[in-house]
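Working notes, beginning with the structure itself.
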Amino acid sequence: MASVIPIVDLEQFNICKEPEDVGDDVQRQLAAQIIDAFSTVGFVGLKNYGIPQDKLNALMTEARTFFKLPVITKKKYSIRPTHEDERGGWVCLEQEILNPDRPADLKETFNVVNQSQLWPDDEVPGYRPTADEFYRLCWTLSQRVLLLIGLGLGLDQPCYLKKTHSIDGACALRCLFYPSIKSHPDVRPNQIRCGEHSDYGSITLLFQDDVGGLQLRTRDGEFVPATPMDGVVLVNVGDMMQRWTSDKLVSTKHRVVIPEAQAAREKARMSVAYFVIPDDDCLIECLDGSNKYEPITSLDYLNMRIGATY
Ligand SMILES: O=C(O)CCC(=O)C(=O)O
Ligand SMILES: [Fe+2]
């Protein structure tokens, strides 16, 4: 099935180019394509965005090495999600429930945040520097997308969205590991790799390996595959952005299912998500002045949503 996700070529405005050198017309054209995708599908695929594939591969290799460590070792790096200052580190298998109508998710994650956090420097010395560098590349790319959104929405200050997401702010990088179903044979009825959910923040950058299983819900309620494509990063709208834009941009529910084919079930899956989240004290208040949603700070909104996930 052809993908429902529009693809936008970011070559002319990618992170290797100086934004000042890119003509207004190019920026406006890209902005229009992104707004079109975000106000219909809620997802866009970007190609030629400027983060080398090698950097993603290197991060996935380091993360895989971490996930393969014994549970007792990984436990030293556990997060405490309900403590605002302890959200960086390891989330164990079946710790998160993204859809409360299903059993817990068959996934492990490692979260990289802008706080002091524990790192497995002895066991996987390359993980921290590789992840830190990838974090910065993702932040730079997210700034490009936020600028295009600001332009496409016709904001008086197109840079406003970009400026409310500082490099040392609330964004979070997350490596996700979905173990092979062979190594985890007792899957419970209705259990999947990642339950149906929408993301909490402004936007999310999502890099997947080639295993597949990600699906998104179309407007008529049907889930369709978001098949991995070489060199494409998915970007999707989160709930805070939907709120900010009074529902002009839509955050679309998505999930990760267990593949049906035996060969695919036996493969572990990895993905990397970069959650783009406004700075803690940023007030999310309808940009069109409509007051459709009550203003709320980014941190209050995030705490409310995270509290419901664990
Ligand atoms: O692993 C994936 O492809 C999706 C993960 C996801 O949706 C999330 O972490 O919010
Ligand atoms: Fe998600």
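Note that the sequence shown covers residues 1 to 310 in the UniProt record's numbering. The beta-carbon is built from N, C-alpha and C at its ideal position, and this holds for glycine as well. Remember, it's a predicted structure, so these values are computed and weren't measured experimentally.
The bridge partners DSSP lists for Val235 are Val44 and Leu205. Within 7 Å of the C-beta of Thr245 there is not a single heavy atom belonging to ligand 1. Cα atoms of Ile192 and Ile7: separation of roughly 27 Å, rounded to the nearest angstrom. For Asp9, no alpha helix (DSSP H) encloses it; the enclosing beta strand (DSSP E) starts and ends at Ile7 to Asp9.
Going by DSSP, Arg265 is part of the alpha helix (DSSP H) stretching over Gln262 to Arg265. Remark: C-beta atoms of Pro120 and Tyr160 do not approach each other more closely than 8 Å. At a cut-off of 7 Å, the beta-carbon of Thr204 counts as near ligand 2: some heavy atom of the ligand is closer than that. The alpha-carbon of Cys282 is positioned some 18 Å away from that of Asp156. Closest in C-alpha terms to Leu205, from the list Ser271, Glu260, Ser180 and Leu249, comes Ser271. Between Leu153 and Thr245, the gap from beta carbon to beta carbon is short of 8 Å.
With a beta-carbon spacing of about 15 Å, Val44 and Thr218 fall beyond the 8 Å limit used to define contacts.
Assignment of Cys194 by DSSP, reduced to helix, strand and coil, places it in the strand class. For His197, the distance from the CB to the nearest heavy atom of ligand 2 is below 7 Å. Of all C-beta pairs linking the stretch 109-124 to the stretch 38-56, fewer than three are shorter than 8 Å, placing the two stretches out of contact. A Cβ-Cβ contact shorter than 8 Å links Asp279 with Gly169. Leaving aside the five residues that flank Thr65 on each side, the residues in its chain whose CB is nearer than 7 Å to its CB run, in chain order, Val124.
Three or more beta-carbon pairs separated by less than 8 Å are not found between the stretch 30-37 and the stretch 96-107, which leaves the two stretches without contact.
Just so you know, the alpha carbons of Ile15 and Arg144 end up roughly 7 Å apart. Taking 8 Å as the cut-off, the Cβ atoms of Phe134 and Leu106 do not count as close. The beta-carbon distance between Glu266 and Ile149, rounded to whole angstroms, is 40 Å. This is too long to meet the 8 Å contact definition. Note that the C-beta distance between Ser198 and Ser251 is below 8 Å.
Val233 and Pro70 have their C-alpha atoms roughly 31 Å apart.
Linking Asp24 to Leu146 through their CA atoms gives a straight-line distance of about 15 Å.
In this chain, the alpha helix (DSSP H) harbouring Trp139 covers Tyr127 to Gly152. A straight line joining the alpha-carbon of Ile167 with that of Ala131 spans about 14 Å. The beta carbons of Ser202 and Val276 sit closer together than 8 Å.
Closest option to Glu260, judged by alpha-carbon separation, among His254, Leu214 and Lys253: Leu214.
A Cβ-Cβ separation of about 7 Å places Asp209 in contact with Pro228 under the 8 Å criterion. Note: Phe275 is bridge-paired with Ala172 and Thr204 in the DSSP secondary-structure output. Between Tyr178 and Ala268 the beta-carbon gap is near 6 Å, inside 8 Å, which marks them as a contact.
About 4 Å separates the CB atoms of Tyr200 and Arg305; that is less than 8 Å, so the two are in contact.
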